[in-house]
Amino acid sequence: MTHPASQPNTAPPTIPQTLALAVLAVVSFQLAYSFAACTALMALFAYSLFELSRSHSSRFTFYLGLGVGLAAYAPQLSFFWNIFGPAAIALWLVLSFWLATFLLLSRMARVHFGTIPATLLIPFLWTGLEYFRSELYYLKFSWMNIGYAFSSNVPMAFLHFTGIYGIGFLLMAAIALTSLLKGKTLFLTRLAMFTVFAIALNQPRPSQAALDPAKQLSVAGVQLEFPSEKEAVFHLNKLFKSHPDAQLFVLSEYTFNGPVPQIIMEWCREHKRHLIIGAKDPVSADDFNDTAFVINPSGEIIFRQGKSVPIQFFKDGLPAKEQNLWNSPWGKIGICICYDLSYSRVTDGLIRLGAQAIIVPTMDLVDWGRHQHELHARVAPIRAAEYAVPIFRLASSGISQSVCRTGEVLASAPMPGEGAILACTLDLGRPGTLPLDRLIAPISVGIATIAIFGLLFASFRRRNVSA
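In full-length UniProt numbering, the protein residues as written are 1 to 467.
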């Protein structure tokens, strides 16, 4: 007979313990997202969720998850109110629903499958739900993932191996597996792991290696929010004077609320420069593609890439029918537009095609607030480190970024920053590669789906037996 002390703790937390865990989850999430030095606290957020999934009833666990989700996510996404008004409450609830669903499914797994099978399942439930809500349904939204909290300090080699979804998977797996330990062994093991984790996160990132002159591309861009044609030309002239050696100029998404004006193509021909610019590509009287155009030094449009995932609830055009790389004179460049960078299923396509760098024309309005811009600026360093490719992100009103292949931000332009200039040298070296989570995350979705059907069947059968 197994001694009870050797078994994992299955007792639900008391009400005071539940409240303490809920507060710990919210506070650790807020601190991890607000201060780079506190990102290790995201481990406490994951720990709190794991423990809250032991709550005494399914209904209570679900509503507890909604409350924790709202308290964690709504303050970080307060700019939703500026954009959507009272409808922001519904969007906060949608995001919180996925956290509540994770707690509910984890508790049901403990009840119907047993402690050890549930413990092994929980990391796959977390990753499957996080990947699904970020990438796979209409309201997909990847911000507020565990991984984005680490954009400023996760070691590049680690992120290039795990990917953004792999961080959450490994945190949940570490917490779940160590829960099978008991007493001092459990405490000391978790303390040691957290200490090593915190120290690793606060180590300096490696500097970018020396660039190969044969693979360098000099890029310069200027931040403009809905300029007139004359204003755009004025700032392009100013940009050319300040960076005459730049080989490629970049303007933001929706620089023009229509097709690229002829005067812009004439400017490229006069100054003998390539330009990437965001504008509309009409497909009918009512529809268009939000498009990034490449204009060559002869003043001709030689490449265009539409936005793959138009923003929900905005008049943001039709989704692009295909993705291609621009085979530039300097190498293969992937172009994605604004929030497309937030979806790994979009950017992965560019990497599979062999992209050596990614350029991202972006529109973030000043009216959306500083915090929205700061959250959006977390994405490019994560993507650069995941793929080991440089990224040049030019936003209409900041925060524009030049990010090297290690995920280090080499230069940025501020928000607000009308007319601010960002210039850098991109290293178009080896093509990027995909991290392991691009395999783990879809598998987790499959495992989570099977588990959901299994839990529904087990719950239905138990009710029939009880009846």
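For every residue, glycine included, the Cβ atom is placed at its ideal position computed from N, Cα and C. Quick caveat, the model's predicted, so the values are computed rather than measured.
Coil, strand or helix - residue i by DSSP
i, result
"Thr2", "Caution is warranted here: a pLDDT of 44 is assigned to Thr2, below 50, making its placement in the model unreliable, and no coordinate value can be reported."
"Ser134", "helix"
"Phe460", "helix"
"Asn153", "coil"
"Gly85", "helix"
"Gln247", "coil"
"Ser396", "coil"
"Ser344", "helix"
"Lys332", "strand"
"Asn257", "coil"
"Pro12", "coil"
"Ser218", "strand"
"Ala32", "helix"
"Gly349", "helix"
"Val360", "strand"
"Phe365", "It is Leu, not Phe, that sits at residue 365 in the sequence shown. Three-state result, Leu365: coil."
"Ala285", "coil"
"Ile302", "strand"
"Ser402", "strand"
Environment of residue i [buried if 16+ CB atoms lie within 10 Å]
i, result
"Leu188", "exposed"
"Arg383", "buried"
"Arg133", "buried"
"Asp437", "buried"
"Gln401", "buried"
"Ser6", "Confidence in Ser6 is poor, its pLDDT being 44 and thus under 50, which makes the residue's placement unreliable; the coordinate value appears in the next sentence. Label assigned to Ser6: exposed."
"Pro381", "buried"
"Ala37", "exposed"
"Arg461", "exposed"
"Arg54", "buried"
"Gly128", "buried"
"Ser242", "exposed"
"Thr162", "buried"
Cβ pair residue i, residue j closer than 7 Å
i, j, result
"Ala43", "Leu171", "yes"
"Leu121", "Leu52", "no"
"residue 542", "Val366", "For the chain, the structure presents residues 1 to 467; residue 542 sits outside this window and is missing."
"Ser218", "Thr425", "yes"
"Lys272", "Pro297", "yes"
"Leu394", "Ala355", "no"
"Gly299", "Met265", "yes"
"Pro117", "Ala173", "no"
"Ala441", "Tyr137", "no"
"Ala357", "His160", "no"
"Ile276", "Ile359", "yes"
"Phe50", "Ile175", "yes"
"Ala413", "Ala423", "no"
"Leu439", "Asp348", "no"
"Ser342", "Ser152", "no"
"Glu253", "Met144", "no"
"Phe80", "Leu91", "yes"
"Leu24", "Ser48", "yes"
"Leu125", "Ala458", "no"
Supposed contact pair residue j and residue i - C-beta distance, whole angstroms, cut 8 Å
i, j, result
"Phe150", "Leu201", "7 Å"
"Leu251", "Val222", "7 Å"
"Ala72", "Gln30", "7 Å"
"Pro259", "Lys280", "6 Å"
"Pro390", "Val403", "6 Å"
"Gln323", "Ser308", "7 Å"
"Leu21", "Pro12", "That pair is no contact at about 11 Å."
Rounded C-alpha distance that separates residue i from residue j
i, j, result
"Gly429", "Gly67", "47 Å"
"Ile167", "Asn237", "44 Å"
"Val294", "Ile301", "6 Å"
"Asn82", "Thr255", "22 Å"
"Lys184", "Arg107", "25 Å"
"Leu64", "Trp98", "12 Å"
"Leu95", "Asp245", "46 Å"
"His3", "Cys336", "Residue placement at His3 is poorly supported in this model, since its pLDDT is 45, which falls under 50; the coordinates still yield a value, given next. If I take the Cα positions, the gap works out to 58 Å."
"Leu350", "Ser397", "26 Å"
"Met1", "Ile164", "Reliability fails at Met1, whose pLDDT of 41 lies under 50, so the model's placement of it is uncertain and no value is given."
"Thr291", "Val111", "51 Å"
"Ile199", "Leu105", "33 Å"
"Arg269", "Glu231", "18 Å"
"Tyr33", "Gly69", "14 Å"
"Arg352", "Ala385", "16 Å"
"His371", "Phe197", "27 Å"
"Leu186", "Ala157", "28 Å"
"Val465", "Thr101", "25 Å"
"Thr195", "Leu41", "11 Å"
"Gly369", "Gln17", "37 Å"
"Ile450", "Pro319", "31 Å"
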